[in-house]
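**Student:** Residue numbers (our numbering): 6 to 114.
1) Check for me: the beta strand (DSSP E) holding residue 48 runs from which residue to which?
2) Leaving aside the five residues before and after residue 22 along the sequence, list all residues of the same chain whose C-beta is less than 8 Å from its C-beta, in chain order.
3) Which word fits residue 107, buried or exposed, when buried means at least 16 other C-beta atoms lie within 10 angstroms of its C-beta?
4) Report yes if the CB atom of residue 84 is closer than 9 Å to the CB atom of residue 36, and no otherwise.
5) Beta-carbon within less than 6 Å of residue 38's beta-carbon, same chain only, minus the 5 sequence neighbours each way: which residues are those?
6) Count the other CB atoms, across all protein chains shown, that sit within 10 Å of the CB of residue 94; report buried if there are 16 or more and exposed otherwise.
7) Would you call residue 47 buried or exposed, if buried means 16 or more other Cβ atoms sit within 10 Å of its Cβ?
8) Quick one, which of 19, 14, 54 and 15 has its alpha-carbon nearest residue 98's?
9) If you run the structure through DSSP and keep just helix, strand and coil, what is residue 25?
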């Protein structure tokens, strides 16, 4: 999967059909991208939207978000579910590549 450097975009995290997801017992879901000073965290509820019919979370990225990373970066991400009891469950999900934006079009303004 690839997101273009300095572009806005989104990632969609689909919940497996085999998984039980009861949002009534979840306080929040944290989506972490990258590490250290360039780490980016998106949160549900908040910036992240859950689509029940599709069983997935839509995580948006602004142009400013994407400038945290460099072209060619391989960004690791994970998802942490924090329950209302205070317990949490975290899973390492994978990574995405930050690709180069190549614009060969000419625009007249």
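All C-beta atoms in this analysis are idealised placements derived from N, C-alpha and C, irrespective of residue type, glycine included.
**Tutor:** The structure says:
1) 45–49
2) 60
3) In this prediction, residue 107 scores a pLDDT of 42, lower than 50, which makes its location untrustworthy; the coordinate-derived value is nonetheless stated afterwards. It is exposed - the Cβ of residue 107 has fewer than 16 other Cβ atoms within 10 Å.
4) yes
5) 45, 80 and 82
6) exposed
7) buried
8) 19
9) coil
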